[in-house]
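In the UniProt record's numbering, the protein residues as written are 1 to 68.
See structure below.
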Amino acid sequence: MRTRAKGRDRGCYCRFYRDYGHDTEECYDLKNQIEDLIRHGHLDRYIEKPHESSLCLKGPVERQVDVT
């Protein structure tokens with residue numbers, strides 16, 4: 001992320017890099033590292049798993065009957 005000090009936006013600060021140039025919210029490296037932690041299961045207690053909906057189709061689609 002390090003760029004020449006002259007070219008950095010001093011109005012934006014990244015707390016991940018502790019440097020100027022972009023906002024923490026826009027830090028691609030931070031987002032990628034968080035996604036890797038999620039994929040490896042290190043942040044499971046912070047991630048809400050999607051609940052199975054009763055409207056989801058079960059089984060092969062050709063065996064479903066539309067009753068509406």
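C-beta atoms are modelled at their ideal positions from N, C-alpha and C, and glycine is treated no differently.
Straight-line gap, residue i to residue j (C-alpha atoms, nearest Å)
i: H40; j: C12; result: 31 Å
i: C14; j: I34; result: 15 Å
i: E26; j: R45; result: 24 Å
i: D23; j: V67; result: 52 Å
Contacting residues, own chain, Cβ-Cβ under 8 Å from residue i (five flanking each side not counted)
i: L37; result: L43
i: I47; result: I38
i: Y28; result: none
Cβ shell of residue i (< 6 Å), same chain only, five flanking positions each side left out
i: R8; result: Y20, G21
i: T30; result: First, the amino acid is wrong: residue 30 is Leu here, not Thr. Answer for L30: F16, listed in chain order.
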